[in-house]
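Peer 1: Take any residue in the sequence shown, note its place counting from 1, add 31, and you have its number in our numbering.
Would you mind keeping the following structure in view while I ask a few things?
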Amino acid sequence: MIPKCERIMPPVERYRTRSHCSSEDAAVSEVLGVIMMLAMVVSIMGGVWIFLNPYITDFEDNTNWNAANGIADRLEDRIDVAADSPEGTGIRHNLGMRTSMLQGVSNLEIWSISADLSSADIVKITAYNTTSFIVSSINSTAEKVLIHHENGIGEFPILDADGMVNHNLQLTDWYVITVLNGDDEPIHKTVKYTISGLRIITSLGNGEHEIYLVNNARIEHFADSAWEISKFPRVEFDELATGGVRLSIILTNIAVSGSLGSANKLGLDIISGGSINPFSGLCYNVRFSLTNSVAPVITPQYDDQWLSKYTLNRASGTLDSFIGLAPFERASGADGITVSSLGEAVYFDVSINEVVVER
32 MIPKCERIMP
42 PVERYRTRSH
52 CSSEDAAVSE
62 VLGVIMMLAM
72 VVSIMGGVWI
82 FLNPYITDFE
92 DNTNWNAANG
102 IADRLEDRID
112 VAADSPEGTG
122 IRHNLGMRTS
132 MLQGVSNLEI
142 WSISADLSSA
152 DIVKITAYNT
162 TSFIVSSINS
172 TAEKVLIHHE
182 NGIGEFPILD
192 ADGMVNHNLQ
202 LTDWYVITVL
212 NGDDEPIHKT
222 VKYTISGLRI
232 ITSLGNGEHE
242 IYLVNNARIE
252 HFADSAWEIS
262 KFPRVEFDEL
272 ATGGVRLSII
282 LTNIAVSGSL
292 GSANKLGLDI
302 ISGGSINPFS
312 GLCYNVRFSL
322 TNSVAPVITP
332 QYDDQWLSKY
342 TLNRASGTLD
352 SFIGLAPFER
362 ASGADGITVS
372 SLGEAVYFDV
382 SINEVVVER
């Protein structure tokens, strides 16, 4: 029987084999270690992202909000310049609207302004409808009316029986009614004007942010907060050094031609559409009122702002000597605002500016 031959591995070969196995094990360990480290890094980064995401969103929202307010500031400045320019002239301006959208909004406010131009009579115009109204005068001096509207000027008699004026005009956005006496002298004016404006919409994390630019005022609203008025319409009351009083009202209507929208570089033409001055001189029985349709809370806030001094004097019991803006009937100002001047005439100045915005 031949004995089985067993191969004996030399020491050098055994060492090489053992080293090769150790290298493979080490490589596998390194791969596993790298995978575990990457998994840990990804987990940490995910946790950091979850933690920081609200702050990043707030930062982006704040940046977009600041950009929207910057756009509103620039638009207000350019609109003021155009409003004071001659009719048909204006400026060209470029806006970066990457995160916001600009829209024109019609019929945001309706203003009614009236005053007597003579101390000899007190005139009121009531019972409006689409084709007629009633003129009443205490001393019966009113004879006829002139109606200045967007399509021209018309003259109409006042019926003696009931003061009815039948004009058969389709009065829409604005008109000026001038009441004349028998000598063709103006004794009263009533103005109605509809105001349009602009809206800047910006998408934020919690919803839409809105800025309304209407009639020299700025109204702002976040999706989760109340309406805020940062600028009010231009209604200024002053006591003059000569002892008289002056009330100034500046209305600015923004008419948008075409669509505006958004773009990285939005080019706008802001052009003056002219102006009218229905009141400029001494007046009596001044009264004005407005209705703002942006939100139901806006008009009462306007009235509170203009009647703040009256409210303080009423609380202190000094209304007998009060000079300033006062409610026409109800103390809230819901029926309009008048001027308490202790029987003196009021220097009344009203300017109505038209501005056209188009791409």
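By construction, the Cβ of each residue, glycine as well, lies at the ideal position given by its N, Cα and C atoms.
Please classify residue 32 as buried or exposed, where buried requires at least 16 neighbouring CB atoms within 10 angstroms.
Peer 2: Confidence at residue 32 is low in this model, with a pLDDT of 47, below 50, so its placement is unreliable and the value that follows should be read with caution. Residue 32 comes out exposed.
Peer 1: Tell me residue 306's beta-bridge partners as DSSP assigns them.
Peer 2: 384
Peer 1: Return the CA-CA distance between residue 186 and residue 130, expressed in angstroms with no decimal places.
Peer 2: 52 Å
Peer 1: With distances taken between CB atoms, is the gap from residue 113 to residue 381 smaller than 7 Å?
Peer 2: Contact: no.
Peer 1: CA-CA distance, residue 119 and residue 388?
Peer 2: 12 Å
Peer 1: Under the DSSP definition of a beta bridge, which residues are partnered with residue 298?
Peer 2: 125
Peer 1: Going along the chain, which residues of its own chain have a beta-carbon closer than 7 Å to the beta-carbon of residue 332, five neighbours each way excluded?
Peer 2: If we look at residue 332 and ignore the five residues flanking it on each side, its Cβ neighbours are 260.
Peer 1: Nearest to residue 264 by CA position, among 384, 102 and 196, is which residue?
Peer 2: 384
Peer 1: What is the residue span of the alpha helix (DSSP H) that residue 346 lies within?
Peer 2: 339-347
Peer 1: Under the DSSP definition of a beta bridge, which residues are partnered with residue 185?
Peer 2: 178
Peer 1: By the 10 Å Cβ neighbour count, where 16 or more other Cβ atoms means buried, how is residue 370 classified, buried or exposed?
Peer 2: buried
Peer 1: Going by beta carbon distance, what residues of the same chain come within less than 7 Å of residue 256, once the five residues before and after it are set aside?
Peer 2: Same-chain partners within the cutoff: there are none.
Peer 1: Beta strand (DSSP E) containing residue 197: first to last residue?
Peer 2: 195-197
Peer 1: DSSP has residue 284 in a bridge; who is on the other side?
Peer 2: 385
Peer 1: Answer with buried or exposed for residue 23, where buried requires no fewer than 16 other C-beta atoms within 10 angstroms of its C-beta.
Peer 2: Any answer about residue 23 is impossible in this case: the structure gives the chain only from 32 up to 390.
Peer 1: Spell out a yes or no on whether the region 205-217 and the region 232-240 are touching, meaning 3 or more CB-CB pairs, one atom from each, closer than 8 Å.
Peer 2: Touching, no, given that fewer than three Cβ pairs across the two stretches are closer than 8 Å.
Peer 1: Please classify residue 86 as buried or exposed, where buried requires at least 16 other C-beta atoms within 10 Å of its C-beta.
Peer 2: Because the pLDDT of residue 86 is 48, which lies under 50, any placement of that residue in the model is unreliable, and the number read from its coordinates should be weighed accordingly. Exposed is the call here.
Peer 1: Taking residue 215 as the reference, which of 176, 364 and 268 has the closest Cα?
Peer 2: 176
Peer 1: For residue 134 and residue 161, which I take to be in contact (beta-carbon distance under 8 Å), what is that distance rounded to the nearest angstrom?
Peer 2: That belief does not hold up - the Cβ atoms of residue 134 and residue 161 are roughly 29 Å apart, past 8 Å.
Peer 1: Kindly identify the DSSP beta-bridge partner or partners of residue 217.
Peer 2: 211
Peer 1: Flag this pair as yes or no: are the beta carbons of residue 146 and residue 317 separated by less than 7 Å?
Peer 2: Yes, these two residues count as a Cβ contact at 7 Å.
Peer 1: Give the DSSP-derived three-state secondary structure of residue 271 in the structure shown.
Peer 2: coil
Peer 1: So the candidates are 364, 315 and 225; which of them puts its Cα closest to the Cα of residue 339?
Peer 2: 364
Peer 1: If we call anything under 7 Å between Cβ atoms a contact, is residue 213 one with residue 139?
Peer 2: No.
Peer 1: Can you tell me whether residue 86 is helix, strand or coil according to DSSP?
Peer 2: Low confidence applies to residue 86: its pLDDT is 48, below 50, so where it sits in the model is not reliable, and the reading given next is rough at best. Residue 86: helix per DSSP, three-state reduction.
Peer 1: Give me the Cα-Cα distance between residue 107 and residue 224, rounded to the nearest whole angstrom.
Peer 2: 21 Å
Peer 1: Decide if residue 181 is buried, meaning its Cβ has at least 16 other Cβ atoms within 10 Å, or exposed.
Peer 2: exposed
Peer 1: Any idea which residues DSSP pairs residue 119 with across the strands?
Peer 2: Partner(s): none; residue 119 has no beta bridge.
Peer 1: How many whole angstroms separate the CB atoms of residue 2 and residue 379, which I take to be in contact at a CB cut-off of 8 Å?
Peer 2: The shown model of the chain, from 32 to 390, leaves out residue 2, and the question about it has no answer.
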